[in-house]
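*Asks:* According to my numbering, the stretch in the sequence shown is residues 9 to 197, in order.
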Amino acid sequence: SEVHQGAADGAEAALAVTIGTGIGGAVYVNGGLVQGRNWLAGEIGHYPLPGTILMKYPDLPRPRCGCGRLACFETYASGTGLERLYLHLSGERASGQQIVSRFEAREPHGVATLDCWLEIMAAGLATALSVLDPDVVVLGGGLCGLPALYEQLPLRLPGHLLPGVALPEIRQARFGGAGGVRGAALLHL
């Protein structure tokens with residue numbers, strides 16, 4: 009959807025990432041959606057959290073993902089993962105919206121949680137960028153409106169990539185919640 013008059017219009021290679029209760033993804037290369045042999049292309053939520061993050065934050069919990077594996081990227085980077093991080097760092101339960109509000113109010117646990125979460129996002133996205141090398145990354149889903157994503161990811165990504173790598177543009181999805189339905193319709197044109 010986003011490569012047709014959306015945030016990735018004109019891109020030869022694009023990665024779309026949905027940040028919601030899980031992490032979803034899609035890969036677009038040279039005029040087409042890449043699906044893969046098992047229809048798993050773009051399923052970045054289920055690769056393991058990079059070891060560099062586990063070294064930087066050795067006390068992070070190792071949650072079991074819905075897929076059955078431990079420490080999948082989405083168990084930390086999704087909205088549910090953000091809530092899990094806040095609980096781990098503060099000992100208190102809070103919704104994603106409450107955590108973001110606490111971050112914006114500079115509440116210490118909110119700041120610490122978002123700092124950790126943004127570093128996890130950068131490391132996880134860097135894994136995909138190193139494999140796909142897209143022109144643009146489009147972020148959608150419930151957490152894509154967080155300004156800190158667009159401010160911090162360009163600052164944090166270089167620390168997780170090979171030296172000198174040109175960063176892709178990171179853009180917010182233009183079609184929001186309608187993107188999936190719109191994309192499905194476009195596949196049948």
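Where a beta carbon is used, it is the ideal one built from N, C-alpha and C, also for glycine.
Expressed to the nearest angstrom, what Euclidean distance is found between the alpha-carbon atoms of T60 and A21?
*Replies:* On the sequence shown, residue 60 is found 52 positions in, with the first residue counted as 1. On the sequence shown, residue 21 is found 13 positions in, with the first residue counted as 1. Those two C-alpha atoms are separated by around 27 Å.
*Asks:* To the nearest angstrom, report how far apart P142 and P162 are at their CA atoms.
*Replies:* Here the question's residue 142 lines up with position 134 in the sequence shown. Here the question's residue 162 lines up with position 154 in the sequence shown. Going from the Cα of P142 to the Cα of P162 covers about 14 Å.
*Asks:* Compute the Euclidean distance between the alpha carbons of Q180 and I27, then round it to the nearest angstrom.
*Replies:* If you number the sequence shown from 1, residue 180 lands on position 172. If you number the sequence shown from 1, residue 27 lands on position 19. Those two C-alpha atoms are separated by around 11 Å.
*Asks:* How is the beta strand (DSSP E) around Q180 delimited, first residue to last?
*Replies:* For this step, residue 180 is matched to residue 172 along the sequence shown. Per DSSP, Q180 belongs to the beta strand (DSSP E) from E177 to Q180.
*Asks:* If we count the other Cβ atoms within 10 Å of its Cβ and call it buried at 16 or more, is P171 buried or exposed?
*Replies:* Position 163 of the sequence shown, counted from the first residue, corresponds to residue 171. Burial call: exposed.
*Asks:* Could you say which of I52, L57 and Y94 lies nearest to T121 if we only look at CA atoms?
*Replies:* The residue given as residue 121 occupies position 113 in the sequence shown. Comparing Cα-Cα distances from T121 to each of I52, L57 and Y94, the minimum goes to Y94.
*Asks:* Thinking C-alpha only, which one of T83, I52, S103 and E127 is nearest V139?
*Replies:* Counting from one through the sequence shown, the residue named residue 139 turns up at place 131. Nearest Cα to V139 within the set T83, I52, S103 and E127: I52.
*Asks:* Which term fits A131, buried or exposed, when burial requires 16 or more other beta carbons within 10 angstroms of its beta carbon?
*Replies:* Here residue 131 is taken as the residue at index 123 of the sequence shown, counted from 1. By the 16-neighbour rule on beta-carbons within 10 angstroms, A131 is buried.
*Asks:* Could you check how far apart the C-beta atoms of L126 and R70 are, in whole angstroms? I think they sit under 8 Å.
*Replies:* Here the question's residue 126 lines up with position 118 in the sequence shown. Here the question's residue 70 lines up with position 62 in the sequence shown. With 8 Å as the limit, L126 and R70 do not qualify as a contact, their Cβ atoms being about 20 Å apart.
*Asks:* The beta strand (DSSP E) that contains P61, what's its start and end?
*Replies:* Counting from 1 along the sequence shown, the entry for residue 61 is found at position 53. Pro is not the amino acid found at residue 61; the sequence shown has Ile there. I61 -> not in any beta strand (DSSP E); alpha helix (DSSP H) instead, spanning G59 to K64.
*Asks:* Among W47, S103, Q106 and V145, which one has its Cα closest to the Cα of I178?
*Replies:* By one-based count along the sequence shown, residue 178 stands at place 170. The option with the nearest alpha carbon to I178 is V145.
*Asks:* Measuring alpha carbon to alpha carbon, tell me which residue in G184, L137, P155 and Q105 is nearest L8.
*Replies:* Given that the chain is displayed from residue 9 to residue 197, the structure contains no residue 8 and the question cannot be resolved.
*Asks:* What separation, rounded to the nearest whole angstrom, lies between the Cα atoms of T83 and G89?
*Replies:* Taking the first residue of the sequence shown as position 1, residue 83 is located at position 75. Taking the first residue of the sequence shown as position 1, residue 89 is located at position 81. One C-alpha to the other measures close to 5 Å.
*Asks:* Check R148 in the structure and name its three-state DSSP category.
*Replies:* The residue labelled residue 148 in the question sits at position 140 within the sequence shown. The sequence as given places Gly at residue 148; Arg does not occur at that position. Strand at G148.
*Asks:* Across which residues does DSSP place L41 in a beta bridge pair?
*Replies:* Position 33 of the sequence shown, counted from the first residue, corresponds to residue 41. BP columns for L41 point to Y36.
*Asks:* Looking at the structure shown, is T121 part of a helix, part of a strand, or coil, going by DSSP?
*Replies:* Position 113 of the sequence shown, counted from the first residue, corresponds to residue 121. Here T121 sits in helix by DSSP.
*Asks:* If you follow the beta strand (DSSP E) that I27 is part of, which residue opens it and which one closes it?
*Replies:* As a first step, residue 27 is located in the sequence shown; it is residue number 19 there, counting from the start. Its beta strand (DSSP E) spans residues A21 to I27.
*Asks:* Going along the chain, which residues of its own chain have a beta-carbon closer than 7 Å to the beta-carbon of V119, five neighbours each way excluded?
*Replies:* The count along the sequence shown starts at 1 and reaches residue 119 at position 111. Excluding positions up to five away in sequence, the list reads F111.
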